[in-house]
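Heads up: the structure comes next, in structure tokens.
Shown next as structure tokens:
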């Protein structure tokens, strides 16, 4: 072609192409109209100047328009393939390259190629869908994206086990018609991802999961909308598992998580699906796994509340490792999350008159959790107490676990005042401490002396009640006091059981030891009073402080300044 280029096209404000009006306008109705309008605006002149036309928001940019120009300069012929079909189709729609302008135009050829997409391989359809992403709005407006997504999921439903047809390229005539209804889209389980029965389905993976993770979040959102399973409409377990798999893969792409890009909407959709099936498909550990994934990409308050409620109802199935969720508010662990879960569980168990085994199991779990988080220097006294008091007193048969956690907390926070340490001990029920724990508490220098006296007093009253109850049981025996030479556990021929004499002797011994410990505490308090009086005299007379050490030595005291 010897003619000079008389058409200057500015593509999206970044590129300029010099072309021939006669060639381009022969195929494009939009360019023909724009050139006509420019000619009317231009004043007549002897100089031949190229007309300047601006095209904004052209799909594919300069590279896309170059493909269209090749089609026009090649007399309406261009090789079509799954990778360039979306671009040429959207460009043909944008430039109005229809049959009204020219027979067998680009749009006609592209739509004819689309009609055979159900005979494409899985890889071809996936490539075409991914090629739409740079100009997804144009592909969606033209209806091409929805057709490609429908074909994609037709391949999945037609080959639920493995993509055989996709591998060999065999035409699948049974999938020539695709429905977007979720009722007709039934996803089968893949035999290549069989897992033991003990493993919950949330960890299973279908053959197409990894391939679909290459798509952007906007495309996945569009796919869920096409299937009628976006948001609260998600009622498909396999699609829910795919979304969790996709979100997990997205968390490994920092740039994608930082941009957001629709991940929060996908996370909400996944949670709605999880909440629908609940514990029938997800274990308690699986729910913690779900929470870790969706929290990393963003989650609405409503969906978080729904997921946490489901987790709280199953809290008795959780383990210590499940509860050790990393915190994001300055602490090592997310203590607020555990408190919310405990509140949900307790509220579900409040109707029971007696504490259930599930409640006591959660009590033991919370005590272990307290022992694990106690060394955290960022854990405040109020937060420690809140976790401890989140359970009712009936949830614990023994408070030894709480005492151990309290001791670790006091050791890890040596700067606490005596008021703060006294406040912390408020979480202890002294009557539910074992004698061994009470002994350790009395000797513990980190525990205020007043608390130790209260704990010992509660132990003494408990030991006084037990012998009285045992004597009453013996009096109700009806057959008189049994002979010690008989079997101590049972009286032959009688209904009532005899008192275990060895156990009674042991209780008396424990009571004696307890009295010794109380005397020891009284001696320590008396020594403290003497030291205070001596120190006041020394302050007046300017004497040395040697008396304090001598007094401690005479009374056998140990570390008396800490007890004062």
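In full-length UniProt numbering, the protein residues as written are 1 to 564.
For every residue, glycine included, the Cβ atom is placed at its ideal position computed from N, Cα and C.
{"Query": "Backbone CA spacing between residue 336 and residue 316 [nearest angstrom]", "Result": "18 Å"}
{"Query": "Spatially closest choice to residue 312 from 324, 338, 326 and 321, by CA coordinates", "Result": "338"}
{"Query": "8 Å contact criterion, which residue 151 and residue 118 should meet: CB distance rounded", "Result": "6 Å"}
{"Query": "Per-residue burial, residue 241 [other beta carbons within 10 Å of its own, 16 or more giving buried]", "Result": "buried"}
{"Query": "Between the CA atoms of residue 39 and residue 51 - distance to the nearest angstrom", "Result": "8 Å"}
{"Query": "Burial state of residue 419, where buried means 16 or more other Cβ atoms lie within 10 Å", "Result": "exposed"}
{"Query": "Start-to-end residues for the alpha helix (DSSP H) that takes in residue 572", "Result": "Lying before the first or after the last residue shown, residue 572 is absent from the chain, which here runs from 1 to 564."}
{"Query": "Residue 565 (DSSP reduced to helix, strand or coil)", "Result": "An answer regarding residue 565 cannot be provided, because it is not within the stretch 1 to 564 covered by the chain."}
{"Query": "Exposure label - residue 606; buried when at least 16 CB within 10 Å", "Result": "As displayed, the chain neither begins before 1 nor continues past 564, which places residue 606 out of reach and without an answer."}
{"Query": "Own chain, CB closer than 8 Å to residue 56, minus 5 neighbours either side, in chain order", "Result": "12 and 13"}
{"Query": "Selection from 221, 21, 148 and 264 that minimises the alpha carbon distance to residue 125", "Result": "148"}
{"Query": "From 282, 276 and 300, residue whose alpha carbon lies closest to that of residue 262", "Result": "300"}
{"Query": "As assigned by DSSP and simplified to three states, the class of residue 361", "Result": "helix"}
{"Query": "Classification of residue 414 by the beta-carbon crowding that lies within 10 angstroms, buried from 16 upward", "Result": "exposed"}
{"Query": "Nearest-angstrom Cβ-Cβ length linking residue 67 and residue 87, presumed shorter than 8 Å", "Result": "6 Å"}
{"Query": "Per-residue burial, residue 222 [other beta carbons within 10 Å of its own, 16 or more giving buried]", "Result": "buried"}
{"Query": "One or two residues paired with residue 333 in a DSSP bridge", "Result": "326"}
{"Query": "Backbone CA spacing between residue 503 and residue 286 [nearest angstrom]", "Result": "Reliability fails at residue 503, whose pLDDT of 48 lies under 50, so the model's placement of it is uncertain and the value that follows must be treated cautiously. So the two alpha carbons sit approximately 47 Å from each other."}
{"Query": "Continuous alpha helix (DSSP H) stretch holding residue 149: start and end", "Result": "144 to 158"}
{"Query": "Heavy atom of the ligand ATP within 6 Å of residue 249 beta-carbon", "Result": "Here there are no bound small molecules, and the ligand ATP is not part of this structure."}
{"Query": "Supposed close pair residue 333, residue 373 - CB separation, criterion 8 Å", "Result": "5 Å"}
{"Query": "Bridge partner(s) assigned by DSSP for residue 8", "Result": "18 and 52"}
{"Query": "Inter-residue Cα distance where the pair is residue 114 and residue 331", "Result": "56 Å"}
{"Query": "Residue from 227, 322 and 33 whose Cα sits closest to the Cα of residue 94", "Result": "33"}
{"Query": "Unbroken alpha helix (DSSP H) run spanning residue 82, endpoints", "Result": "First-last for residue 82: undefined, no H or E at that position."}
{"Query": "As assigned by DSSP and simplified to three states, the class of residue 375", "Result": "coil"}
{"Query": "Where residue 392 falls, given that 16 or more other Cβ within 10 Å makes a residue buried", "Result": "exposed"}
{"Query": "Ranges of the alpha helix (DSSP H) found wholly within the stretch 378 to 409, counting only runs of at least 4", "Result": "381 to 388"}
{"Query": "Top-ranked residue by Cα proximity to residue 522, from 453, 539, 397 and 535", "Result": "453"}
{"Query": "Reduced DSSP secondary structure (H/G/I, E/B, other) of residue 282", "Result": "coil"}
{"Query": "For residue 383, the nearest candidate out of 411, 427, 394 and 349 (CA to CA)", "Result": "427"}
{"Query": "Which of helix, strand or coil DSSP assigns to residue 213", "Result": "coil"}
{"Query": "Start-to-end residues for the alpha helix (DSSP H) that takes in residue 246", "Result": "237 to 250"}
{"Query": "Among 249, 306, 296 and 133, nearest to residue 326 - alpha-carbon criterion", "Result": "296"}
{"Query": "For residue 29, three-class secondary structure by DSSP", "Result": "helix"}
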